[in-house]
Structures are given as structure tokens and as C-alpha cells.
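One structure below.
In the numbering used here, the protein residues as written are 3 to 153.
Rendered as C-alpha cells:
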């Protein structure tokens, strides 16, 4: 078991890699367990790098496995310019109710996020057009993850 600390887009993540079997890794990100499929990696548990005490030296090798739950989900259109709509809590994206270029008003529901078996309507925080959709239905996201941008 190896532990790492990452900062991604200003959000901090405590990542624990519990095990690696073949191309699947069992990881915990901020205490939430995930099973991550690593693509194009021959990483084995014994080959994981040790954590450096130098904060400027990132542990590069496990980054694909560690970031997969938070940052690697396939983006529908990618981040755009404008105000980000961020996940208020960790969960799974169940529905995306807008598309890139669509006009929205403050308070419009743009996405549904399931957390603890409850559906949470995520609303636009400003009037504008959707400039980017950063997640897909079925993606697991952490608190603070940018879901949609409105410009």
C-alpha cells in the first residue's frame, strides 16, 4: 500500500494505492474506494515509487491510476472559458441536461449528480452559454471537480 498527495486544479487529493493486479488498481481517493483500469501501463505494486519528502517532486508513475477517478473521465466537450460549475460533493454524474453552446439562466438545472443514493440537481450559477462540458454520464467525480463551464 502506497500513499500519495496530489493537487489537481487547486483541489487536494489523498490517494492510497491498495493493490495492483494486472491492469486494475484498487485505489482510495480522499477515502472513497475506486477500481481503476490502467491503460498501457505495466505498473506493478513493487515498482511504485516512494514518496519524496520534497514537495516539488511529484510521484509521476502512479499519476494515471490516481487521477483516473477525478480527472481522466472522457470529457464530452472539454473545459471552456467562463465560470466553472463545480461538484459540491463526491458522486456519480447520472444525467447531463445541457449541451455545449446552449443558453442557460442562473438556477437552471444543468446536471444531476447521485451521491449517497440521492439525486442532486446541480444548477447554473450564472446566466450565459455552456462553453464546456467536462464530464460524461456515469463518471465518478470528487468534490470541487469542474463539471460544466458557463461563459
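Even glycine gets a Cβ: it sits at the ideal position worked out from N, Cα and C.
Query	Result
Spatial neighbours of residue 116 in its chain, beta-carbon cut-off 6 Å, leaving aside the 5 residues before and after	93, 94 and 96
Assigned secondary structure, residue 14 (DSSP; H/G/I helix, E/B strand, else coil)	strand
Backbone secondary structure at residue 32 - three-state DSSP	coil
Spatial neighbours of residue 104 in its chain, beta-carbon cut-off 6 Å, leaving aside the 5 residues before and after	132
Integer Cβ distance of residue 125 from residue 141, believed to fall under 8 Å	Not quite, the Cβ-Cβ distance comes to about 19 Å (not below 8 Å), so this is no contact.
For residue 89 and residue 143, believed in contact at Cβ under 8 Å, the rounded distance	5 Å
Reference residue 119; option with closest CA among 101, 91 and 107	91
Under the three-state DSSP convention, the category residue 86 falls into	strand
Same chain, Cβ closer than 7 Å to residue 39, neighbours up to 5 away in sequence not counted	25 and 26
Residue 93: first and last residue of the uninterrupted beta strand (DSSP E) it sits in	93 to 98
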